[in-house]
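**Q** Dumping the structure here so I can ask a few things about it.
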Amino acid sequence: MAYWLLRSEPDAYSWDDLVRDGETEWNGVRNATARIHLKAMVPGDRAIFYHSNTERACVGVMEITRAWQPDGDDGKWASVAVKPVAPLPRPVPLADIKAEPKLAEMMMLKQSRLSCSAVTPEEWAVVMHMAGATDAAAA
DNA sequence: GCCAACGTTGGC
DNA sequence: GCCAACGTTGGC
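All residue numbers for the first sequence refer to UniProt numbering, where the first residue is 1 and numbers rise by one.
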């Protein structure tokens, strides 16, 4: 299983919106690097939901429910389907991620504007620990 | 509101 | 194909 981080401005689409919807199409990504990651996602992969901009914190865990399909008028972009797994018991602010040496190499820090980035299993475990997440959400 | 990072566009 | 100009994003 692979781990990912998907960011969204909560004003545009938030964790609460995802919980309300039950499942959603993660579309509208218009960045070549992000697309590489979207196309690498397979059902069962886990992803951190990160609120950018106004909140700047990881807020929940999602599961990829369907591999990518073409997105956009010309079909040259990609989108996947996701569903919520569990909210993080304690949201993990960006400031805490930056302050944690074990997360210094995280892709989201290296490329701060990238909306879909990869997370290593080690990084995933650290973030879940910081969030106080139990095994159910962390696995 | 400002600024840095970075992707995209367009002229050459 | 290169590179400067420009626009957008996101953190502060």
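Each residue gets a CB set at the ideal place from its N, CA and C atoms; glycine is no exception.
Does the Cβ of R35 have 16 or more other Cβ atoms within 10 Å, making it buried, or fewer, making it exposed?
**A** Buried, because 16 or more other Cβ atoms sit within 10 Å of the Cβ of R35.
**Q** Among the residues of its own chain, which have a CB less than 8 Å from the CB of L38, if the five just before and after it don't count?
**A** W26, V29, W68, A78, S79, V80 and C116
**Q** Let me know if S8 comes out buried or exposed under the rule of 16 or more other beta-carbons within 10 Å of its beta-carbon.
**A** The residue is buried, with at least 16 neighbouring Cβ atoms inside 10 Å.
**Q** Within 8 Å, do at least three Cβ pairs link the stretch 104-111 to the stretch 59-66?
**A** no
**Q** Over the uninterrupted beta strand (DSSP E) stretch that includes M62, give me the two end residues.
**A** M62 -> beta strand (DSSP E) spans A57 to D71.
**Q** Exposed or buried, P121, counting other C-beta atoms within 10 Å across all chains shown (16 or more means buried)?
**A** exposed
**Q** Given that a residue counts as buried once 16 or more other Cβ atoms are within 10 Å of its Cβ, and exposed if not, what is G22?
**A** exposed
**Q** One question on the structure: do V82 and A32 come within less than 8 Å of each other, judged by their Cβ atoms?
**A** In this structure, A32 does not lie closer than 8 Å to V82 by Cβ.
**Q** Please give the ranges of any alpha helix (DSSP H) in the UniProt domain "EVE" (2-130), keeping only runs that are unbroken, at least 4 residues long and fully inside the region.
**A** Qualifying alpha helix (DSSP H) stretches, in chain order: 15-21, 32-40, 94-99, 107-110 and 121-130.
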